[in-house]
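Residue numbers (the UniProt record's numbering), protein chains in the order written: chain A, 1 to 209; chain B, 1 to 209.
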């Protein structure tokens, strides 16, 4: 028997009491949460998982048969497993638009980058305003905003005034602007604690892409 | 024309030069990253997205036709969209084991929780040691470790000595132990910046589950 398995009746009783209190407190809190609305969700920070967690929500939508759409602002040049899987198996539930043409340091052409970002933003507005999608993911839009390819004030204004009440909009990318965080309902900062690149490990299939 | 679209030849030249430098620096760094190995990945922190991003990596594996497995340590009582989707469509690529019987504050039975956690850990060891899975996700194992239902030293020893070189193991849950972070290759802390529960919004289909 390991240490973790040792237990006494007294331990068990104390534990049951503690957990019962936790459950009561949690049930009380949950009972006050009754509203539903389309959320503005932001995933930012230097860590991994911003886009991955956002695609996870798209898969949740697919699992429930709810319609969604993805607009990729920057990563257009990169092939991702999720995109291939969605295109191959779930294209009837999730629309996919890849408007960026790769990371900006790959293209070195500012005019082309701006045109691509503006086209992606126009498509994003159309998808959101239609009210036909339960969730619209604007993948890496924060990068396009940070480079001023898209005007942050226009994004904030649009989300505040044009987003249908029940539509969820997810915006990802590091360096999310304060104006965006201000109007968001759910903001998570993915913080990098440790990264395998530091020890010479390359990006691997099934992990990074 | 918006401000973001205004550009001058001088701006463009400066931008191209800056991006070319970035690309050269990045290419140089990427050239040193040549190793492949199975990573120990930890998603922790109080924010959202820990499990969602981990399931995203499972979907990447599915997209590439690579075999994976999921062991759910705690959330057994909750139905998640991802699980239903994997079971319905991709069970040939991803094995699913739900060993926990709900959050600990739901059960209030320490002996039962310990037995469930130990059973999950036994299954996890079997799946990892087999070498047949490219990725094994130990969902919410950090909670079971935190409550001492599983011995952290046993987990660390096992991962160090028994994990096959090319197998990725992903461990999620808040309050990851320092001993685990120490041996991990990739650690991300999901930090909560803003949460809709605070304004009375309940958990919604396609977002939280």
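Glycine included, each C-beta is placed from N, C-alpha and C at the ideal position.
Counted as a single uninterrupted DSSP element, the alpha helix (DSSP H) harbouring residue 158(B) occupies residues 152-161.
Contact of residue 134(B) with chain A is assigned, a C-beta pair being separated by under 8 Å. Under the criterion of beta carbons closer than 8 Å, residue 85(B) and residue 62(A) qualify as touching, at roughly 6 Å. If you check the CB distance, residue 40(B) and residue 169(B) come in under 8 Å. In this structure, the CA atom of residue 56(A) is about 42 Å from the CA atom of residue 10(A).
Distance between residue 188(A) and residue 123(B), taken at the CA atoms: about 32 Å. The DSSP-derived three-state label of residue 188(A) is strand. A distance below 7 Å between beta-carbons, with the five flanking residues on each side excluded, links residue 146(A) to the following residues of its chain, in chain order: 175. Straight through space, the alpha carbons of residue 99(A) and residue 192(A) are spaced by roughly 28 Å. Residue range 94-98 is occupied by the beta strand (DSSP E) that includes residue 95(B).
Boundaries of the alpha helix (DSSP H) harbouring residue 61(A): 50-63, taken from the DSSP string.
Here the alpha carbon of residue 134(B) sits roughly 6 Å from the alpha carbon of residue 67(B).
In this chain, residue 118(A) is not harboured by any beta strand (DSSP E); it is covered by the alpha helix (DSSP H) spanning 110-130.
Taking the C-beta atoms as reference points, residue 167(A) is found no nearer than 8 Å to residue 43(A).
Residue environment analysis places residue 15(A) among the buried positions, since at least 16 neighbouring C-beta atoms fall within 10 angstroms of its C-beta. Distance check between residue 154(B) and each of 143(B), 179(B) and 131(B) places 179(B) closest, using alpha-carbon atoms only. The beta carbon of residue 125(A) does not come within 8 Å of any beta carbon belonging to chain B, so the residue lies off that interface. Residues of chain B whose Cβ lies closer than 7 Å to the Cβ of residue 204(A) are, in chain order, 36.
DSSP places residue 203(B) in no beta strand (DSSP E); its state is neither H nor E.
Here the alpha carbons of residue 207(B) and residue 201(B) stand approximately 12 Å from one another.
Residue 176(B): not part of any beta strand (DSSP E); DSSP gives it neither H nor E. If you check each beta-carbon in the region 176-195 of chain B against every beta-carbon of chain A, the ones closer than 8 Å belong to 181, 184, 185, 186, 187, 188, 189, 190, 191, 192, 193, 194 and 195.
Using a Cβ distance threshold of 8 Å, residue 48(A) and residue 87(B) do not count as a contacting pair. At a C-beta separation below 8 Å, residue 165(A) has no neighbours in chain B, since its nearest C-beta there lies roughly 12 Å away. Contact annotation for residue 98(B) against chain A: no contact, minimum CB-CB distance about 16 Å [criterion: below 7 Å].
As DSSP reads the structure, residue 135(B) sits in a beta bridge with 68(B) and 168(B).
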